[in-house]
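Per my numbering: the sequence shown = residues 1 to 542.
The beta carbon of each residue, even a glycine, is placed where N, CA and C say it ideally should be.
Inspection log for the structure reproduced underneath, given as C-alpha cells.
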Amino acid sequence: MRKFSSIAVCVLTVGVGAACANQADRTAIGVDSEPIVGESPTASRDGSTPDRSVPATEPAPDVATTAPITTLDVPDVAVTDAPTSVEEPVSTSGAEAEPGAASLGDPYVGDFGNGGYDVQSYDLTLDWDPVAERLDGVARIVSTATQDLAAFNLELTGFEVSLVQVDGQDAVVTRDEDELTIAPSVAIEDRTEFTTVVEYSGTPQDNEFVAGDVGRPSGWHTEDGYAYVAGEPLAASTFHPANDHPSDKASFTYRITAPSDLTVAANGTLQDTEVVGGLTTWTFVQPAPQATYLTTILIGDFTVTDGGTSAGGTPVRNVIDTDLVEPLGQVFDDQPAMIDAFEELFGPYPFDVYGSAVVEDSFGGALETQTLSIYGADILQFGDAQAVIAHELAHQWFGNNVTVDRWEDIWLNEGFATYGEALWDEASDPDFAYDRWIRGLLLAGSSLERHVQDPGPGDLFGPQVYLRGAFTLHALRVEVGDDVFFDILTTWSQRFGGGNATTADFEALAEELSGDDLDDFFDDWLRTEALPPELDGVALDV
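See the structure below:
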C-alpha cells in the first residue's frame with residue numbers, strides 16, 4: 001500500500017518516489033493468461049476482544065442497467081441480533097468441543113480475525129444490481145478445524161443473512177455487529193475439513209474502521225457508474241463473510257453476475273464468461289493463497305488492455321476506466337521489464353498473471369491487491385508514477401506471496417516494497433546513486449525516529465514503516481554484502497512463499513545465511529527510536 005498526502009510534495013520536488021510514505025491501497029486483479037473475454041472493449045487472512053469501529057453505509061448514485069438482476073431464492077433463517085451463549089457439544093471423538101476464539105487479539109484491527117479453524121478456500125457467487133445497489137451473495141467456505149470446534153466466527157459488515165449451513169445442515173447463528181457466531185448442529189472434530197455456506201443480501205457498506213493515518217474507510221466502494229473493492233487492513237468482510245485477517249490465507253473463486261454492458265474483473269485469472277439474457281457471469285480463479293485484504297473486484301465501464309508479457313512468460317493485463325485509457329497513455333508499459341528485473345533479484349514471479357487497474361475515484365495512492373494492483377485516477381498526479389508502480393509490483397513477492405502473520409510486522413510489506421522502488425531505479429537508471437536516494441528520503445519531512453517493528457495501531461502506515469524500513473534493508477545489504485543479501489531475499493520468498501512470516505523469521509534467516517550475529521543490528525534499525533548515525537556513508541542526523 002502506498003499513500004500520498006503531505007509527503008507527496010517531496011516526490012515532486014526531490015524526484016524520489018519512495019519519499020512519499022503516506023501510501024494508499026493497491027490491489028491486484030486477476031486476469032487470465034489468455035486475453036480477457038466478454039462484453040468489454042479491449043485495447044490489450046486466539047485472543048482477547050478489543051474495541052472496534054461500527055460500520056456505516058456509503059450511498060452511491062444509480063447506474064444504468066439493461067436487465068433486472070436475479071435474486072436468491074432461499075428460505076428465511078433466524079439470526080439473533082445480540083450475542084448469546086453457545087452450548088458446547090461433545091464431538092464425535094468424545095472430546096469436549098469449545099468455541100473458537102472470536103478474536104485473534106491483534107490490536108491493529110480490533111477483534112477482526114478468528115481462531116479455531118483455518119480457511120482453505122472461498123467460493124463466492126455474487127449478483128450485483130447497480131441500479132438498486134444490491135448485492136446478493138452465496139459464500140461457500142471450506143475450512144479445517146484446528147481444535148474440537150463447537151462454534152466459530154466469521155466477519156461480515158452489513159447485509160441480511162438468510163441461510164447458514166455447515167456441511168449441509170442448518171446452523172445456529174448469533175450476530176454482534178460485524179461478527180457472526182456459527183454453531184453447527186454437530187461439533188467439528190479437530191483437523192476435520194468442513195464447508196460453511198452463507199447466503200446474504202443487501203447494500204454493501206464501507207467498513208468505518210480506519211487504521212493508522214489511511215484516512216478513508218476500507219472495502220467495497222460504490223461510485224457513479226462503477227463499483228470496486230480496495231482496503232487495507234480490512235476489505236473482504238464488506239462484501240462476503242470471511243476470517244478477515246492476513247494470518248488466514250486461502251484460495252478464491254469469484255462468480256460475479258452483472259449487466260452485460262459492464263466489465264467485471266477480480267483477482268486471479270478469468271476462466272469463463274456466460275451470457276444469459278442481459279446479464280453476464282464472469283468467473284475468476286485465484287488458486288494461490290491470498291490474504292483477505294488483498295482481494296479486489298471491479299464492475300463498470302472498464303477497458304481491458306494487453307500489457308505485454310515478461311521474458312519469463314508472465315502475462316500482463318490492465319483494467320482501466322475507459323475514460324482514462326487515453327490520458328494514462330504508456331504509464332504502465334514498463335511492468336514486464338519490472339517483473340524481469342525483480343525476478344533476477346527476488347526469484348520467480350509468484351503468481352500466474354499480473355496487471356494494474358485504475359478507477360476514476362481518487363484515493364491518494366495505490367494498493368497491491370494480489371495479481372492486480374489498483375490505483376486511483378490521481379496516479380496521473382504522482383511525481384514519479386514508475387516508483388509507485390514498482391512499489392506495488394514488489395509487493396507481489398513481499399506482502400502477497402510472503403504475508404505478515406500480524407500487523408505489527410507491516411514493515412515486512414512496506415519497507416520491502418519501498419526498497420523495491422530503489423532497486424528498480426538501480427536496474428533501469430545508469431545515473432541512479434544510493435547516496436542521493438538516502439538524502440532524498442531524509443528530506444521527506446517526517447520524523448523517522450520511531451519504531452519500525454510494532455509501530456503502534458495509530459502508526460500502522462507511518463513514514464518510518466516505509467522509509468526506515470527500506471533503510472533497514474539497504475543497511476543489511478551493506479552489512480552482509482550483495483551476494484548474501486539477495487540470497488536472503490530469494491530464500492525468504494521461496495521458504496515462506498504462500499504463507500505467513502514474522503520479523504523474527506526474517507532476522508533468523510538473515511543470521512542463518514550470513515553467519516553473523518545481527519541482534520544489535522536489527523535492534524538499532526527496527527526497535528530503537530534514534531536513527532543509527534549513518535547509512536552507506538551518508539549521515540542520518542539531518
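In this structure, does DSSP put residue i in helix, strand or coil?
i    : result
A545 : Coverage of the chain is limited to positions 1 through 542, which leaves residue 545 absent and any answer about it impossible.
Q120 : strand
H451 : coil
D409 : helix
L234 : coil
P55  : At P55, the pLDDT of 30 sits below 50, so the modelled position is not reliable; the number obtained from the coordinates is stated separately. Coil.
R527 : coil
P287 : strand
Y354 : strand
T418 : helix
T369 : coil
G545 : Nothing about residue 545 can be reported from this structure: the residues present for the chain run from 1 to 542 only.
L535 : strand
A101 : coil
T253 : strand
E189 : coil
E208 : coil
T13  : In this predicted model, T13 has a pLDDT of only 25, less than 50, meaning its place in the structure is not dependable enough to derive any value.
Between residue i and residue j, what straight-line distance do the alpha-carbon atoms span, to the nearest angstrom?
i    : j    : result
A102 : H474 : 40 Å
G376 : V325 : 13 Å
F346 : P241 : 34 Å
P41  : I339 : Model confidence at P41 stands at a pLDDT of 32, short of 50, so the residue's coordinates are unreliable; what they give is reported in the following sentence. About 26 Å.
D321 : D378 : 13 Å
D524 : E449 : 11 Å
V353 : N401 : 13 Å
L443 : R436 : 11 Å
E96  : T196 : 21 Å
F506 : D123 : 33 Å
T222 : T263 : 15 Å
T257 : D106 : 35 Å
R140 : H395 : 28 Å
L279 : F302 : 16 Å
G420 : H391 : 6 Å
A236 : L423 : 31 Å
N243 : G219 : 14 Å
V404 : G277 : 44 Å
A357 : D224 : 17 Å
F284 : A265 : 8 Å
G47  : Y293 : Any reading at G47 must be qualified, since the residue scores a pLDDT of 38, below 50, and its modelled position is unreliable; the value itself is stated next. Spanning the two alpha carbons is a distance of roughly 20 Å.
D136 : Y200 : 6 Å
N413 : T502 : 11 Å
Y152 : Y228 : Residue 152 is actually Phe in this sequence, not Tyr. Cα to Cα, the separation comes out at about 29 Å.
Q271 : G312 : 22 Å
E160 : F239 : 12 Å
D334 : L372 : 15 Å
Y349 : Q370 : 12 Å
A623 : S143 : For residue 623 there is no data in the structure shown, the boundaries of the chain being 1 and 542.
Y466 : F496 : 21 Å
E575 : Y226 : Examination of residue 575 is not possible in this model, given that the chain is present from 1 through 542 alone.
A288 : A539 : 43 Å
L393 : V186 : 45 Å
T309 : V316 : 6 Å
Taking the alpha helix (DSSP H) that residue i falls in, what are its first and last residues?
i    : result
I488 : 482-496
I389 : 385-395
L509 : 503-514
E326 : 325-328
Look up residue i in the DSSP assignment and give the residues it is bridged to.
i    : result
P259 : L279
I297 : A266
N400 : N400 pairs with nothing; no bridge assigned.
W220 : V229
F342 : According to DSSP, which records beta bridges pairwise, F342 is partnered with nothing at all.
T303 : I320
I374 : A357, L367
D272 : T283
P315 : T309
A545 : Lying outside 1 to 542, the shown extent of the chain, residue 545 is not represented and no answer is given.
N500 : T403
E479 : DSSP output for E479 lists no bridge partner at all.
A242 : E155
Chain B beta carbons: is any one of them nearer than 8 Å to that of residue i?
i    : result
T292 : Among the protein chains of the structure shown there is no chain B, as only one such chain exists.
Following a CB-centred definition, is residue i positioned closer than 7 Å to any heavy atom of the ligand SAM?
i    : result
P241 : Judged by which ligands are present, the structure shown has none, so any question about the ligand SAM falls away.
In the DSSP assignment, the beta strand (DSSP E) including residue i goes from what residue to what residue?
i    : result
G440 : Looking at the DSSP string, G440 is not in any beta strand (DSSP E); the run it does join, the alpha helix (DSSP H), is 434-442.
F194 : 193-202
Identify every run of the beta strand (DSSP E) within the segment 104-182, keeping only runs that are complete inside it and at least 3 residues long; order them along the chain.
-> Secondary structure remark: continuous beta strand (DSSP E) runs of at least 3 residues inside the segment 104-182, in chain order: 117-129, 134-145, 149-155, 160-166, 172-176.
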